[in-house]
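*Asks:* Chains as they are written, first to last, in this note's numbering: chain A, 571 to 978; chain B, 571 to 978.
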DNA sequence: AGCATATTGTACACACGCTGTACAAAGTCC
DNA sequence: GGACTTTGTACAGCGTGTGTACAATATGCT
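#1: Take the Cβ of residue 616 of chain A as the centre, count every other Cβ of all protein chains shown within 10 Å, and call the residue buried at 16 or more, exposed below.
#2: Mind checking which residues open and close the alpha helix (DSSP H) that includes residue 917 of chain A?
#3: Of all Cβ atoms in chain A, is any one closer than 8 Å to the Cβ of residue 991 of chain B?
#4: Out of A:913, A:660, A:899, A:715, which has the shortest C-alpha to C-alpha gap to residue 927 of chain A?
#5: Less than 8 Å between the C-beta atoms of residue 815 of chain A and residue 908 of chain B, yes or no?
#6: In chain B, which residues lie less than 8 Å from residue 842 of chain A when you measure between Cβ atoms?
#7: Could you give the first and the last residue of the continuous alpha helix (DSSP H) run that contains residue 736 of chain B?
#8: Helix, strand or coil: how does DSSP classify residue 948 of chain B here?
#9: Give the DSSP bridge partners of residue 685 of chain B, in chain order.
#10: Which residues in the same chain have their Cβ closer than 7 Å to the Cβ of residue 593 of chain B, if we skip the five residues on either side of it in sequence?
#11: Might you give, ordered along the chain, the residues of its own chain that have their beta carbon closer than 6 Å to the beta carbon of residue 817 of chain B, omitting 5 neighbours on each side?
#12: Under 8 Å between C-beta atoms, does residue 823 of chain B make it to chain A?
#13: Within this structure, are the beta carbons of residue 786 of chain A and residue 810 of chain B separated by less than 8 Å?
#14: Residue 769 of chain B versus chain A: which residues are under 7 Å apart at the beta carbon?
#15: Check each candidate in A:940, A:962, A:793 and name the one with the smallest Cα separation from residue 874 of chain A.
#16: Could you list the residues in the stretch 914 to 942 of chain A with a C-beta less than 7 Å from some C-beta on chain B, going in chain order?
#17: Could you please give me the residues that DSSP links to residue 791 of chain B through a beta bridge?
#18: Taking Cβ positions only, does residue 970 of chain A come closer than 8 Å to chain B?
#19: Of the residues that make up the stretch 642 to 661 of chain B, which ones have a beta carbon closer than 7 Å to any beta carbon in chain A?
#20: Ends of the beta strand (DSSP E) at residue 690 of chain B?
#21: Take residue 839 of chain B and list the residues in its own chain whose beta-carbon comes closer than 7 Å to its own, dropping the five residues that flank it on each side.
#22: Nearer than 7 Å: is that true of the beta carbon of residue 961 of chain B relative to any heavy atom of the ligand SAH?
#23: Return the Cβ separation of residue 752 of chain A and residue 962 of chain A in integer angstroms, given the expectation that the two are a contact with Cβ distance under 8 Å.
#24: Suppose contacts are defined by Cβ-Cβ distances below 8 Å. Is residue 740 of chain A in contact with residue 725 of chain A by that definition?
#25: Could you give the uninterrupted runs of the beta strand (DSSP E) lying entirely in the stretch 574 to 652 of chain B, keeping only those of 3 residues or more?
#26: For a test of the three-state rule: what should DSSP assign to residue 977 of chain B, helix, strand or coil?
#27: At what residues does the beta strand (DSSP E) containing residue 719 of chain B begin and finish?
#28: Tell me, to the nearest whole angstrom, how far the beta carbon of residue 847 of chain B is from that of residue 837 of chain B; I am working on the premise that it is less than 8 Å.
#29: Taking C-beta pairs closer than 8 Å, name the residues in chain A that residue 774 of chain B reaches, listed in chain order.
#30: Any C-beta of chain B sitting closer than 8 Å to the C-beta of residue 848 of chain A?
#31: What is the C-beta distance between residue 918 of chain B and residue 791 of chain B, in whole angstroms, given that I count them as a contact (C-beta under 8 Å)?
#32: Roughly how many whole angstroms lie between the Cα atoms of residue 788 of chain A and residue 912 of chain A?
#33: If you reduce the DSSP assignment to three classes, tell me which class residue 820 of chain B lands in.
#34: Please report the straight-line C-alpha distance between residue 932 of chain A and residue 841 of chain A, rounded to a whole angstrom.
#35: Below 6 Å CB to CB, which residues in the same chain sit around residue 834 of chain A once its five sequence neighbours on both sides are set aside?
#36: Kindly give me the distance between the Cβ atoms of residue 748 of chain A and residue 965 of chain A, rounded to whole angstroms, as I take these residues to be in contact under 8 Å.
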């Protein structure tokens, strides 16, 4: 039951129905490709005539193509339709504290080239360097259609409408303009987004492996920080200023350990990789300044190393991981009580130890979930794909193709 | 950018455009009534011809009517259109720990009759009694069109799709079926909803006083418990099992005071009326059992009394109220960081002391808000209407008239 | 080979809905 | 009374889904 926005609505014209149905057809083809016109018509519950017209228009728009002839037990054999994603290219950029990754890929996420190098933090230099790399990569790998855009994933809060990075403590950025200068330097459309939310977009709009992907889910990526993306009714929750979904800084305890954001007791301060390592090494996060927190992350001992020790029988290592797991579950309970998603996608280094921690996570979740069913919200662990952040960045460019047209 | 649900979509038919535009017209008329066909056409940016047809259909559906002739400086005078709400009636029910309220009202929320009586907690009796009252009221006040439905607001979690009350600790209900038996007892359609969310629906879809009502906002009602309703993109956040938006039980401190829900440290346990009174009287909520918590609420000394004492110079009373205000603000910060609404509607007894507490609330909010702008999210205080919960209950019946048609 | 059967894909008449133009109705100003 | 303005309706035109018909293609059986 959605309210019509009486100050910003779209009246239906005589081409609105076609726009809607064309987009539905594209999504059905995307999910069930390869698929024939007749099968499309059955799934859409329209006549084959209309399906044929919709398909022809999508072919004219270069969004799909006719592939080989399919098999059928009886009757005329169908011509199968496919999404045209192989020769549509995007550049994906993932800027992290340690490294910056740049990838050229097609709209299905297939990698053509990947580069990684030490992140440049100062702003004019970063744009100049990144612009040169992207132009070089575009020249080397661009098809005749060229690169259609640059998607950038950043560990921080981004006003996606203006392309400004509002606050990225891990990079030391505050209210930095990035989209416009990078667009000028590359000559391409640029989209910037928080890395967790970019991953969420990739899950929502590009992933087609899992047939039953829900319209309401939450993505949680635990790494140096905690990135969260919320999908409500098939739409990424953005909020009034495009900064919604920051569950990472919801407190578990107002007087808890210091967080990189400056506050205390944030969920992130309990479950980030740094927090897990701190438990093992006995660092006192309550007394560290935000600057010193950052320097700790440069250590050579990582969470995967900690998991290895836990598997080798180091009881302290196991205890540290399981303590994180409990707090992870307690924070997920907040997400479940507030968003009530169909499922939660959990990603990050610590998920490699899922067999060791799943009980603690689920127990923590059930402990504070308000309903029995909420406490049993399915948690799907680990990304099947390499470079989830880069896929997310690419999704920023590729996803709008499949989005529903705005109506009413 | 919304994803099309490929397992549950609606293809546009040749009447879809008309459905969309008719509903837009209804909403524009609702917001700007009285309004002429020509003015409607200008606001919708369609020709007067189409507007005329849409209006005729809405008249045929008995949703609007032609009123008096309006004034104009030049030219032919317009016939003004109005929403037909006066002879469309609903019954609203508000079940609370202390009293149960029943109201007959029209679709604009205008009261025709109100009754209040001690709440019956046991289930077959409640339905029998309520059914009798509603049938009697319907007979006394029903027009020829009759009553169109019964809306019930309950302090607890409700699966609005099945009409079951999943958990209402204040009433001692757990997984209670209410909609179906009440529908049988009254012979009317019945809708059940959490009281905070019902109020939110009323704000979203019925209130037309405030021209600039946002599409993204949060309602927070502080009373015996804390009711929260979240509106995202003009739609009430419901979640997979219709239990989303429970910010009341997000913890401020995992080890905090005992809450009626059974957990500890919930926001509600810091800011409910009981929590405020406990601060003044020195009750230790950490050590009280949930049962005893309930009995405390029966006391004759209320928050309004406490506010009176604070205004009379009772420093302890003022301190208790302001401590609540600070925690109120800290919890609002979580809402702002997670939902990022355009504004927050705050209601409840304590808002009568807004002049005494606004600074503490805003300071608490700014303290943990992740962005400067988020920390300054406008807070709109107090309901202009009497019986906000009853208006919310009525909205359950009246609101669907104005909802956007589902498309794609 | 020839026919019945089944499925795919296209064509066409028709109904429905928005668009743009024209015009009658109604009222003000000079 | 005539020029002008605004409201409300009528109508031809075009876009789009609906339903039916039919050609194209392939299998199975006689």
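Beta carbons are placed, not taken as given, at the ideal position from N, Cα and C, and that holds for glycine.
*Replies:* The answer reads as follows:
#1: Mapped onto the first chain, residue 616 of chain A falls at position 46. Counting Cβ neighbours within 10 Å, residue 616 of chain A comes out buried, since at least 16 surround it.
#2: For the purposes of this step, residue 917 of chain A is identified with residue 347 of the first chain, where counting begins at 1. Not the alpha helix (DSSP H): residue 917 of chain A falls in the beta strand (DSSP E), residues 913 to 918.
#3: This structure gives no information on residue 991 of chain B, because the portion of chain B shown stretches from 571 to 978.
#4: Numbered from 1 along the first chain, position 357 holds the residue referred to as residue 927 of chain A. Answer by Cα proximity: A:899.
#5: On the first chain, position 245 is the one that residue 815 of chain A refers to. On the second chain, position 338 is the one that residue 908 of chain B refers to. Result yes, Cβ atoms of residue 815 of chain A and residue 908 of chain B sit closer than 8 Å.
#6: Counting from 1 along the first chain, the entry for residue 842 of chain A is found at position 272. Residues of chain B passing the Cβ test: none, with the nearest at roughly 16 Å.
#7: Indexing the second chain from 1 puts residue 736 of chain B at position 166. Here residue 736 of chain B belongs to no alpha helix (DSSP H); instead the beta strand (DSSP E) covers 734 to 738.
#8: Position 378 of the second chain, counted from the start, is the residue given in the question as residue 948 of chain B. Coil, per DSSP.
#9: Taking the second chain and counting its residues from 1, one reaches residue 685 of chain B at position 115. Note: residue 685 of chain B sits in a beta bridge opposite B:672.
#10: Here residue 593 of chain B is taken as the residue at index 23 of the second chain, counted from 1. Answer for residue 593 of chain B: 974, 975, listed in chain order.
#11: Residue numbering aside, residue 817 of chain B sits at position 247 when the second chain is read from its first letter. These residues qualify, in order along the chain: 798, 905.
#12: In the second chain, the residue the question calls residue 823 of chain B occupies position 253. Judged by the 8 Å Cβ criterion, residue 823 of chain B is in contact with chain A.
#13: Taking the first chain and counting its residues from 1, the one referred to as residue 786 of chain A is at position 216. Taking the second chain and counting its residues from 1, the one referred to as residue 810 of chain B is at position 240. Yes, Cβ-Cβ distance for residue 786 of chain A and residue 810 of chain B is below 8 Å.
#14: Position 199 of the second chain holds residue 769 of chain B. Those do not exist, as residue 769 of chain B stays about 15 Å from chain A at its closest Cβ, beyond 7 Å.
#15: Your numbering for residue 874 of chain A matches position 304 in the first chain. Minimum Cα distance to residue 874 of chain A is reached at A:793.
#16: 938, 940, 941
#17: The residue labelled residue 791 of chain B in the question sits at position 221 within the second chain. In DSSP, residue 791 of chain B forms a bridge with B:797, B:917.
#18: As a first step, residue 970 of chain A must be located in the first chain, where it is residue number 400. Judged by the 8 Å Cβ criterion, residue 970 of chain A is in contact with chain B.
#19: The residues in question: there are none.
#20: Numbered from its first residue, the second chain carries residue 690 of chain B at position 120. First-last for residue 690 of chain B: undefined, no H or E at that position.
#21: What you label residue 839 of chain B is simply residue 269 of the second chain in a count that begins at 1. Hits under 7 Å: 826, 827, 828, 829, 845, 855.
#22: With respect to the ligand SAH, the structure shown offers nothing to examine, as it has no ligands at all.
#23: Within the first chain, numbered from 1, the residue matching residue 752 of chain A stands at position 182. Within the first chain, numbered from 1, the residue matching residue 962 of chain A stands at position 392. At roughly 17 Å, the Cβ-Cβ gap does not stay under 8 Å, so residue 752 of chain A and residue 962 of chain A are not in contact.
#24: Position 170 of the first chain holds residue 740 of chain A. Position 155 of the first chain holds residue 725 of chain A. Result yes, Cβ atoms of residue 740 of chain A and residue 725 of chain A sit closer than 8 Å.
#25: 634 to 639
#26: Mapped onto the second chain, residue 977 of chain B falls at position 407. Coil at residue 977 of chain B, not helix or strand.
#27: Here residue 719 of chain B refers to the residue found at position 149 of the second chain. Segment 717 to 724, the beta strand (DSSP E) holding residue 719 of chain B.
#28: Here residue 847 of chain B corresponds to residue number 277 of the second chain, with the count starting at 1. Here residue 837 of chain B corresponds to residue number 267 of the second chain, with the count starting at 1. Contact between residue 847 of chain B and residue 837 of chain B does not hold, since the beta-carbon distance rounds to 17 Å and is not under 8 Å.
#29: One-based indexing of the second chain puts residue 774 of chain B at position 204. Going along chain A in sequence order, the residues near residue 774 of chain B (Cβ under 8 Å) are 573.
#30: Counting from 1 along the first chain, the entry for residue 848 of chain A is found at position 278. No, residue 848 of chain A does not count as interfacial toward chain B.
#31: Taking the first residue of the second chain as position 1, residue 918 of chain B is located at position 348. Taking the first residue of the second chain as position 1, residue 791 of chain B is located at position 221. Between residue 791 of chain B and residue 918 of chain B the Cβ distance is about 5 Å, and since that is below 8 Å, they are a contact.
#32: Residue numbering aside, residue 788 of chain A sits at position 218 when the first chain is read from its first letter. Residue numbering aside, residue 912 of chain A sits at position 342 when the first chain is read from its first letter. Roughly 8 Å between the two C-alpha positions.
#33: What you label residue 820 of chain B is simply residue 250 of the second chain in a count that begins at 1. If DSSP states are grouped into helix, strand and coil, residue 820 of chain B belongs with coil.
#34: As a first step, residue 932 of chain A must be located in the first chain, where it is residue number 362. As a first step, residue 841 of chain A must be located in the first chain, where it is residue number 271. Taking the straight line from one Cα to the other gives about 15 Å.
#35: Here residue 834 of chain A refers to the residue found at position 264 of the first chain. The answer, listed in chain order, is 826, 828.
#36: The residue you call residue 748 of chain A lines up with position 178 of the first chain. The residue you call residue 965 of chain A lines up with position 395 of the first chain. With a Cβ gap of about 18 Å, residue 748 of chain A and residue 965 of chain A do not count as contacting.
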